[in-house]
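Numbering (the numbering used here), first residue to last: 27 to 218.
Using N, Cα and C, we set each Cβ at its ideal position, and we do this for glycine too.
This structure is a prediction, so every number in the text was calculated from the model and none was measured.
The structure under discussion appears below in the form of structure tokens.
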Ligand code: SF4
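Here it is in structure tokens:
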């Protein structure tokens, strides 16, 4: 069961940082967050992990995206349009989701979450109108592609209607899979 709202951010950011801290890239690059934002995130929600800031700078580096990848900046802008409130959390999360969406697995896996439900909880708390827009519960990366393509005025889909599309199963299969677990805590990182 997920914790109540006041604990949810700490819980979710803990999972995100746990996995990203094991990335071969600097944490700023793995998360798409500069050092200043990362320091704000850790200071607010995970102060015991401040040691992770050592040696980092503002550079979020190349995102390593291939030609067919989502456009990171466009996705970040889409997410920000749907953020709830004026706090920094959805701003940090928009950058993180845009960067982690470039990874190869289901988004909930590459965010470090234990299951897809945690991703849904994050979107409902910080991007509720996006959840309303994805009322059919499409796979999140497919949904982002469809949203961004529609904005550009083209549709990659075989059909204008999902219900009549041959690719329906590929877009709505529930994003099944196992969580990507970090093997062991890096130096200075304790579990919450
Ligand atoms: S089910 Fe078909 S129409 Fe719907 S998003 Fe997927 S590919 Fe596009």
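Nonlocal neighbours in the same chain, by C-beta distance under 7 Å from residue i, ignoring five residues either side
i, result
"residue 101", "124, 127, 170 and 174"
"residue 56", "46 and 49"
Distance, residue j Cα to residue i Cα
i, j, result
"residue 168", "residue 88", "23 Å"
"residue 82", "residue 119", "19 Å"
"residue 31", "residue 114", "16 Å"
"residue 64", "residue 49", "15 Å"
"residue 60", "residue 95", "22 Å"
"residue 53", "residue 84", "11 Å"
"residue 122", "residue 178", "23 Å"
"residue 140", "residue 62", "27 Å"
"residue 165", "residue 136", "14 Å"
"residue 90", "residue 129", "9 Å"
Any non-hydrogen atom of the ligand SF4 closer than 7 Å to residue i Cβ
i, result
"residue 175", "no"
"residue 155", "no"
"residue 185", "yes"
"residue 168", "yes"
"residue 172", "yes"
"residue 193", "yes"
"residue 137", "no"
Beta-carbon proximity check, residue i vs residue j, cutoff 8 Å
i, j, result
"residue 146", "residue 42", "no"
"residue 198", "residue 162", "yes"
"residue 152", "residue 109", "yes"
"residue 132", "residue 203", "yes"
"residue 104", "residue 117", "no"
Contact set for residue i: own chain, Cβ-Cβ below 6 Å, skip 5 residues either direction
i, result
"residue 76", "68"
"residue 150", "157"
"residue 185", "191"
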